[in-house]
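Input: a single structure, listed below in structure tokens.
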Amino acid sequence: MTMSRIARKKKHPRRSPILKSLNLKTKPSTKWRKPVPLPPSTEPLEENCYTTSPLINGYIFVRKGDVYITRHCRSRTKQSGRTVYVVYTTQGKALGLRVPKEIYSSVLASAEETSSSRAAAVQLRDERDRQRAAELLTQLFPRMPSSSLTEIVEHAFLKGSGRVGRSTTTSEERKAVLAVEAHIRHMHTGYEALLKSGMERAQARKDVWEAVKTVKRLWMGEEGGDQMKLSRQLLKNRHTTGLIHSMDSTGESPRKRLKTDNVVDNDVVLETPPEAKVEEDSQARREAEVGITQFVSAEAVGFSGILKKRYTDFLVNEISLSGEVLHLKNTQTPNSGSKENSTKDQASAETQLVEQPKLETKLEEAAKPAEPEKNEEVEEFKLSDDDRALFDSSFGAEKTDKIIALYQRARENAKTRPGELGRVVTSVLSDRDLRTKIHQTIRRAFSSQLESSTDAEGVMVISVAANRNQRNGQKRGDGGAAGNAPRERTNRVNWDELGGQYLHFTLYKENKDTMEAISFIARQLRMNPKSFSFAGTKDRRAVTVQRACVHRLQIDRLAKLNPILRNAALGDFAHSPNKLELGDLHGNEFVITLRDCEITGVDLGGDLAAAITRAKEIVGTALRNLRERGYFNYYGLQRFGTFTTTTDAVGVKMLQGNFQAACEAILEFSPHVLAAAQNPAETTTALISSDSKARAEAIHLFNTTGRINEALDKLPRKFAAEACLIRHLGRHRHDYLTALQTIPRNLRLMYVHAYQSLVWNHAAGERWRLYGDRVVEGDLVIINNDDTNNDHGKDNVATDADGEVIITPQAHDSARPADDLFTRARPLTAAEAASGKYSIFDIVLPLPGFDVEYPANAVKEFYQSFMGSERGGGLDPFDMRRKWRDVSLSGGYRALLSRPGAEYSFDVRSYTRDDEQFVSTDMDQLKLASTTTTDDSATTAAAADSNPKLAVILKFQLGSSQYATMALRELMKGGIKAYAPDFGGR
Numbered sequence: 001m002t003m004s005r006i007a008r009k010k011k012h013p014r015r016s017p018i019l020k021s022l023n024l025k026t027k028p029s030t031k032w033r034k035p036v037p038l039p040p041s042t043e044p045l046e047e048n049c050y051t052t053s054p055l056i057n058g059y060i061f062v063r064k065g066d067v068y069i070t071r072h073c074r075s076r077t078k079q080s081g082r083t084v085y086v087v088y089t090t091q092g093k094a095l096g097l098r099v100p101k102e103i104y105s106s107v108l109a110s111a112e113e114t115s116s117s118r119a120a121a122v123q124l125r126d127e128r129d130r131q132r133a134a135e136l137l138t139q140l141f142p143r144m145p146s147s148s149l150t151e152i153v154e155h156a157f158l159k160g161s162g163r164v165g166r167s168t169t170t171s172e173e174r175k176a177v178l179a180v181e182a183h184i185r186h187m188h189t190g191y192e193a194l195l196k197s198g199m200e201r202a203q204a205r206k207d208v209w210e211a212v213k214t215v216k217r218l219w220m221g222e223e224g225g226d227q228m229k230l231s232r233q234l235l236k237n238r239h240t241t242g243l244i245h246s247m248d249s250t251g252e253s254p255r256k257r258l259k260t261d262n263v264v265d266n267d268v269v270l271e272t273p274p275e276a277k278v279e280e281d282s283q284a285r286r287e288a289e290v291g292i293t294q295f296v297s298a299e300a301v302g303f304s305g306i307l308k309k310r311y312t313d314f315l316v317n318e319i320s321l322s323g324e325v326l327h328l329k330n331t332q333t334p335n336s337g338s339k340e341n342s343t344k345d346q347a348s349a350e351t352q353l354v355e356q357p358k359l360e361t362k363l364e365e366a367a368k369p370a371e372p373e374k375n376e377e378v379e380e381f382k383l384s385d386d387d388r389a390l391f392d393s394s395f396g397a398e399k400t401d402k403i404i405a406l407y408q409r410a411r412e413n414a415k416t417r418p419g420e421l422g423r424v425v426t427s428v429l430s431d432r433d434l435r436t437k438i439h440q441t442i443r444r445a446f447s448s449q450l451e452s453s454t455d456a457e458g459v460m461v462i463s464v465a466a467n468r469n470q471r472n473g474q475k476r477g478d479g480g481a482a483g484n485a486p487r488e489r490t491n492r493v494n495w496d497e498l499g500g501q502y503l504h505f506t507l508y509k510e511n512k513d514t515m516e517a518i519s520f521i522a523r524q525l526r527m528n529p530k531s532f533s534f535a536g537t538k539d540r541r542a543v544t545v546q547r548a549c550v551h552r553l554q555i556d557r558l559a560k561l562n563p564i565l566r567n568a569a570l571g572d573f574a575h576s577p578n579k580l581e582l583g584d585l586h587g588n589e590f591v592i593t594l595r596d597c598e599i600t601g602v603d604l605g606g607d608l609a610a611a612i613t614r615a616k617e618i619v620g621t622a623l624r625n626l627r628e629r630g631y632f633n634y635y636g637l638q639r640f641g642t643f644t645t646t647t648d649a650v651g652v653k654m655l656q657g658n659f660q661a662a663c664e665a666i667l668e669f670s671p672h673v674l675a676a677a678q679n680p681a682e683t684t685t686a687l688i689s690s691d692s693k694a695r696a697e698a699i700h701l702f703n704t705t706g707r708i709n710e711a712l713d714k715l716p717r718k719f720a721a722e723a724c725l726i727r728h729l730g731r732h733r734h735d736y737l738t739a740l741q742t743i744p745r746n747l748r749l750m751y752v753h754a755y756q757s758l759v760w761n762h763a764a765g766e767r768w769r770l771y772g773d774r775v776v777e778g779d780l781v782i783i784n785n786d787d788t789n790n791d792h793g794k795d796n797v798a799t800d801a802d803g804e805v806i807i808t809p810q811a812h813d814s815a816r817p818a819d820d821l822f823t824r825a826r827p828l829t830a831a832e833a834a835s836g837k838y839s840i841f842d843i844v845l846p847l848p849g850f851d852v853e854y855p856a857n858a859v860k861e862f863y864q865s866f867m868g869s870e871r872g873g874g875l876d877p878f879d880m881r882r883k884w885r886d887v888s889l890s891g892g893y894r895a896l897l898s899r900p901g902a903e904y905s906f907d908v909r910s911y912t913r914d915d916e917q918f919v920s921t922d923m924d925q926l927k928l929a930s931t932t933t934t935d936d937s938a939t940t941a942a943a944a945d946s947n948p949k950l951a952v953i954l955k956f957q958l959g960s961s962q963y964a965t966m967a968l969r970e971l972m973k974g975g976i977k978a979y980a981p982d983f984g985g986r
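This is how it looks when you write it as structure tokens:
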């Protein structure tokens, strides 16, 4: 039985080998139990001991878990002729080993040295396994949809999952067939619904078996699996199988293909069901709840249209700090593109895999006690003049020379124990600041190969670092050659020659969150997502292009991911010495298609050309008005969440110190969502996503049963906050503050920032109601801000957790990062307000905090009354400090009005096909450039509508602090019709 299958059996844990040998039962008991006697070990040079047994001098405890470390610690200890102690609890559970310290240190060093080669070999094997699985599935099921093929490979053959694809007791073909049957059963029949209704698993499998066989035969291309027979089978078993999807000619749900498949030629775009459109009254009500109420040009003519009917209707291209609009231009590595390079890389990985045992053997020999032995000669080390002057003035020239000589010995004798290389005893240093400076200089100047300590009398002692080989493998400085006997046989990367430690690249994605894409890339590279950074997050239901960077990664490794990325691509690679920080962008360029537009005074039933001309006049006038007069810089609805309890409501509870209520608000769900999840056949679920239903089920399961693991298994991965609370509160039921602190910082800051956004939105509406577009006494402007266009440079702005740029006054004791900039605002005098020097675009309003200035007019009283009301949480704008630093808000400033850039364009076109694409994406352009001919006949369009419709295509640029939805709201006068993503096409 494999280790993965053993680990899965949590409900039936295996008995300890010690207990099994003594034939003792493992019945749990809360009473004190007598320690289980340990039988003598049957292995040579091994003894069993308790955790309470005294630790032998020179030994160290190594906890089990890392197979490489425990295996080599065991083998090397025995090779040296010493005893390995296997440590057990008093109840007979094995915890780890006790081995000599120097052997443990040598194993850690070898683990560090070989980590990259071992990881590369594992990744190579895993990739081969996935490729073999995909090839076998394609061979057995040639008509299987590509999306189903990908899901089966990623799910059933996932390493460590213990699923059928990882079984070692089943033939490859049998594993493939079982995996396909399981996929069809769960994804294309009502199997899950039958289980939820209470039916036994065996009976449910029996009821859906005929449907599973029919779909399987269809995918295999057999005569018995034709579409007609499939339809008859589904009709026959409708009531018994509870089928939840209708199948198309490929045997896959059309709705599912539209969401996941990357091929659009044969996709059928579904008509918009009436319930998929959000009524205008509902949209206006939601906006009013969060303070979005005013229009700058309320008298202007607007129009209505559907936004994001297809995700390719919303294109977002990032604008760099240099003003360049980013486009994906090339997905190849700068100096590759040939198969020769990829073959060479694969051969290199295989060579590392083959040569690894030789390397380990040499490291084992190095771990054996031996006389000091010199490695290859290293270059003579020279201390810098400044460091030499510091050491001479503190210790004297003689002591400094001895320190340098000690460092040289450490470099030349990498295999020698630190205690055998001696140490340098210097003088007494009474100045604490000087001691700190010398400690830091020694670590830096000698590449962490030497360490310094101060005894009780204040005498500083310099010695060779005990873990210098491990440190050397992690970070090297000048002359860091210690411990490089094995390192010299690997290819070190000179990041300076490549251009810097940060690899910048362009991320192109379709219908994905930025973090979703980054997390997937990190998992494929076996890296921490924190190694990646980007300038700002982008919309999910859109096609977006942005720059990102990753620390210490070579181009070829990242470029090789392109073939496995779905609806995403990486390109335009370049190394840089600088990291890409949140907020390192000038703004975004939007190309937005609004479909099924209705414009007052435009009748498509008559002269179509005249109607389009009239529509262009109205849209052009509205765009010019938007540029000249601007729009309210409101925080959009996405700032406040989409669930029953909005994010600002959670933020209020956190600021009130009611942490229990905050946790309950995060874990709240709508009863109708749970009902839709539990009874899909009886409830209309057209507007409820599968993720929302799974979230409601998971939280309900946790609240009613307390079963943590089952709830987390059901909860979709993207609900990180809910997962953190369930995980912590399941173990510490009433520890609500710590539960909130387990949520990632950027995510938990989102709640209190949402409250600030709510207050700001209401204050903006009140400011406009009181004074309109006049600049009045008491209005706030940024100090020393000479830019009247409201396009603040990077040096004057800071970025919050959502990538939103706001003007921040102070970072001390704030929920914002420590490197936020200090910017101040001040109220205008009556003379300044009347001078004409300032325009409405210079006016800012504060985000509530303890270190902001409030307007010196009636708006100040509004802040007090609103925040003190029930809607505002009964808070005081002048008392925003909290003991919990994350909710102790310093505040910030945000411009009242914004406007798009000077360059904008638009077009109005008629169409009859709902799947007609009006704008090419960057990927479309790359594909077009790579093909010499195009075959339009290969494209199968959706059925044309006899009645023509209008589409408005807009292109404009906004600053990084501005919401495109708010610009569209002003342009269309609230005529945006949101479209439910579940029914979207490409």
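Residue numbers 1 to 986, in the UniProt record's numbering, belong to the letters of the sequence shown in order. Here a beta-carbon is modelled for each residue, glycine too, at the ideal position from N, C-alpha and C.
Own chain, CB closer than 8 angstroms to residue i, minus 5 neighbours either side, in chain order
i      : result
Thr89  : Tyr50, Thr51 and Leu95
Arg286 : Leu637
Cys724 : Ala739, Thr742, Ile743 and Pro744
Residues near residue i by beta carbon distance below 6 angstroms, same chain, minus five either side
i            : result
Lys256       : Note that Lys256 scores a pLDDT of 37, beneath 50, so its modelled location is shaky; the value from the coordinates is reported in the next line. There are no such residues.
Ser757       : Tyr635 and Arg639
residue 1016 : This structure gives no information on residue 1016, because the portion of the chain shown stretches from 1 to 986.
Lys78        : Leu45
Integer Cβ distance of residue i from residue j, believed to fall under 8 angstroms
i      : j      : result
Ala696 : Phe669 : 4 angstroms
Phe850 : Leu896 : Not a contact, Cβ separation roughly 22 angstroms.
Phe906 : Val619 : 6 angstroms
Leu315 : Leu926 : The pair is not a contact, with the Cβ atoms about 14 angstroms apart (cut-off 8 angstroms).
Close-in-space but distant-in-sequence residues of the same chain around residue i (CB under 7 angstroms, 5 per side omitted)
i           : result
Tyr142      : Residue identity check: residue 142 is Pro in the sequence provided, not Tyr. Here the set comprises Gly221.
Trp768      : Gln294
residue 987 : Limits of the chain in this structure are 1 at one end and 986 at the other, which puts residue 987 out of reach.
In DSSP terms, what residue i is bridged to
i      : result
Phe314 : Ile592
Met460 : Thr454
Lys977 : Ile306
Val650 : Answer by DSSP bridge pairing: none, since Val650 is not bridged.
Tyr88  : Tyr50 and Ala94
Gln957 : Glu589
Ala825 : Ile782
Ile438 : Paired residue(s): none; Ile438 is not in a bridge.
Residue j beta carbon less than 8 angstroms from that of residue i
i      : j      : result
Pro334 : Ile521 : no
Met972 : Gly305 : yes
Thr506 : Thr537 : no
Val301 : Thr600 : yes
Val550 : Phe532 : yes
Arg894 : Leu845 : yes
Leu701 : Lys714 : yes
Ile592 : Leu954 : yes
Leu749 : Asp886 : yes
Val543 : Thr921 : yes
Lys213 : Val180 : no
Phe534 : Gln524 : no
Pro680 : Ala193 : yes
Ala825 : Val859 : no
8 angstroms Cβ cutoff, residue i in contact with chain C
i      : result
Ser430 : In the displayed structure, chain C is absent; only one protein chain is listed.
| request: Please list the segments of the alpha helix (DSSP H) lying wholly inside the region 671 to 714, counting only runs of 4 or more residues, in order along the chain. | output: 671 to 678, 690 to 705 and 708 to 714
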